[in-house]
Amino acid sequence: MNFTTLKHRFDNHYLLKLLRSKHGPLFISFIILEFKTNHIVSIEFNTLIIKLCNHLEECSWEIPENQEIEEYSRKLIENWCNDDYRLLRRFYSKNAEMFIELTVDSERSIKWMEELNPKEYIGSD
Numbered sequence: 653m654n655f656t657t658l659k660h661r662f663d664n665h666y667l668l669k670l671l672r673s674k675h676g677p678l679f680i681s682f683i684i685l686e687f688k689t690n691h692i693v694s695i696e697f698n699t700l701i702i703k704l705c706n707h708l709e710e711c712s713w714e715i716p717e718n719q720e721i722e723e724y725s726r727k728l729i730e731n732w733c734n735d736d737y738r739l740l741r742r743f744y745s746k747n748a749e750m751f752i753e754l755t756v757d758s759e760r761s762i763k764w765m766e767e768l769n770p771k772e773y774i775g776s777d
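If you're matching positions, the sequence shown starts at 653 in the numbering used here and goes up one per residue.
Here it is as structure tokens:
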């Protein structure tokens, strides 16, 4: 890989955009908590908003003064679903309820973070 290729990826890849943003740690910690720890594949949109509100409070995340936490949570989730990030995918159930699931890039972000954990090495004499 040369500089031009890497520069293009850093500027345009959804996951690299996330990791460079202030929301990177928030997003990754949230999806690990809600999807991986709970072993779920998808979650109803409004339920996810409530869970994100709770996570924002637990993280002492600063909410813009002109927004309520629910509105802010909704916008974050919608942004993570949009074409600029593509980190979450929306789909509708047969009852027309909106659900959210992780994308391949979201799964990759979790894997990358796990790979950064120090590995224990067992030395031999």
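We put the beta carbon where it would ideally sit given N, CA and C, even for glycine.
From the options, residue whose alpha carbon lies closest to that of residue i
i, options, result
"Tyr666", "Glu759, Thr699, Phe751, Ser725", "Glu759"
"Leu685", "His707, Lys771, Pro716, Thr699", "His707"
"Asn698", "Leu768, Thr657, Glu710, Glu723", "Glu723"
"Tyr737", "Asn654, Thr656, Gly676", "Gly676"
Rounded distance between the beta-carbons of residue j and residue i, thought under 8 Å
i, j, result
"Thr755", "Arg741", "5 Å"
"Leu768", "Ile729", "The Cβ separation is near 25 Å, so there is no contact."
Beta carbon of residue i nearer than 8 Å to that of residue j
i, j, result
"Leu678", "Trp713", "yes"
"Ser673", "Cys705", "no"
"Leu671", "Arg661", "no"
"Ile680", "Met765", "yes"
"Ile752", "Ile695", "yes"
Three-way DSSP call (helix, strand, coil) for residue i in this model
i, result
"Leu704", "helix"
"Tyr744", "strand"
"Glu749", "coil"
"Glu772", "coil"
"Ser694", "strand"
"Leu667", "helix"
"Leu678", "helix"
"Leu728", "helix"
"Leu754", "strand"
Same chain, Cβ closer than 7 Å to residue i, neighbours up to 5 away in sequence not counted
i, result
"Leu739", "Tyr666, Leu670, Phe679, Trp732, Thr755, Asp757, Ser758"
"Phe682", "Leu704, His707"
Other residues of its chain near residue i: CB distance less than 8 Å, five sequence neighbours each side excluded
i, result
"Pro716", "Tyr724"
beta-carbon residue i near the ligand FAD non-hydrogen atom, thresh 7 Å
i, result
"Leu670", "You won't find the ligand FAD in this model; it holds no ligand whatsoever."
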